[in-house]
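Chemist: Sending over a structure as structure tokens; questions will come in a sec.
Residue numbers (the working numbering): 10 to 247.
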């Protein structure tokens, strides 16, 4: 059975919980590498089941995970594609401390025609291309499925948000994604050079993971995201 939960190494102290909201077509297999990597840094990872045709049931499952007292704070929604849009939409409505939004999907995002084009749109990473290509449960053609939202605006939130988007994303152009964050008051937007739609699993997945860890470590210090690593001593020029 494919894992849907990843824990910190035995004997380690958990540093927080990531509630992952997968995107269109994705399965638990799509998150094996990400879950293992984040858990190695002592963040517990839980994969939620997302049904775009039943957002009430989806929200109930997310709220149950966030309310689980056995899972340590801070609790962060991590969404990709439609899961990213869902995370942004729910952030102020549920008991999450922050969100990581990856490869945002918008109502005017572009669909793709054919499996080869879909794989190319998702990732250039040969390892991940093999993972999804060999996953019999992966939703082929899902990137053309309609979304249950009509607005391209992301709800403004005071909670911390890390938005990651590829500059070569053919599904949601980076400029469209960036414009949708205009009202977000506490968002850090980071563009992944040459990244495609799934930057969690693209060629720069290590740098993306490191960026997420830095965000999470800052979040542990406070919602204003104080720097853990800075360019100079406080009050002094570099």
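Here a beta-carbon is modelled for each residue, glycine too, at the ideal position from N, C-alpha and C. Note that this is a predicted model, so its numbers are computed, not measured.
Quick one: grab the DSSP three-state call for residue 218.
Modeler: Here residue 218 sits in helix by DSSP.
Chemist: Can you tell me whether residue 15 is buried or exposed, with buried defined as 16 or more other CB within 10 angstroms of its CB?
Modeler: Buried: at least 16 other Cβ atoms inside 10 Å.
Chemist: Report the rounded CA-to-CA distance for residue 227 versus residue 191, giving the unit in angstroms.
Modeler: Using only the alpha carbons, I get a separation of about 22 angstroms.
Chemist: How is the beta strand (DSSP E) around residue 25 delimited, first residue to last?
Modeler: Looking at the DSSP string, the run of the beta strand (DSSP E) that includes residue 25 is 25-30.
Chemist: Give every residue of the same chain whose Cβ lies closer than 7 angstroms to the Cβ of residue 167, excluding the five residues on either side of it in the sequence, and list them in chain order.
Modeler: Cβ within range, chain order: 194, 195.
Chemist: Give the DSSP-derived three-state secondary structure of residue 173 in the structure shown.
Modeler: In the structure shown, residue 173 sits in a strand (DSSP, three-state: E or B).
Chemist: Which word fits residue 242, buried or exposed, when buried means at least 16 other C-beta atoms lie within 10 angstroms of its C-beta?
Modeler: With fewer than 16 Cβ atoms within 10 Å of its Cβ, residue 242 is classed as exposed.
Chemist: Which first and last residues belong to the beta strand (DSSP E) in which residue 149 is found?
Modeler: No beta strand (DSSP E) holds residue 149; DSSP gives it neither H nor E.
Chemist: To which residues of the same chain is residue 151 closer than 6 angstroms at the C-beta, ignoring the five residues directly before and after it?
Modeler: 33, 34, listed in sequence order.
Chemist: The alpha helix (DSSP H) that contains residue 141, what's its start and end?
Modeler: Per DSSP, residue 141 belongs to the alpha helix (DSSP H) from 135-142.
Chemist: Out of 80, 58, 128, state which residue places its alpha-carbon closest to the alpha-carbon of residue 96.
Modeler: That would be 58, whose Cα lies nearest to the Cα of residue 96.
Chemist: Which one of 215, 200, 107 has the shortest CA to CA distance from residue 165?
Modeler: Among 215, 200, 107, the Cα nearest to that of residue 165 is on 107.
Chemist: How is residue 13 classed by DSSP in three states: helix, strand or coil?
Modeler: Coil, per DSSP.
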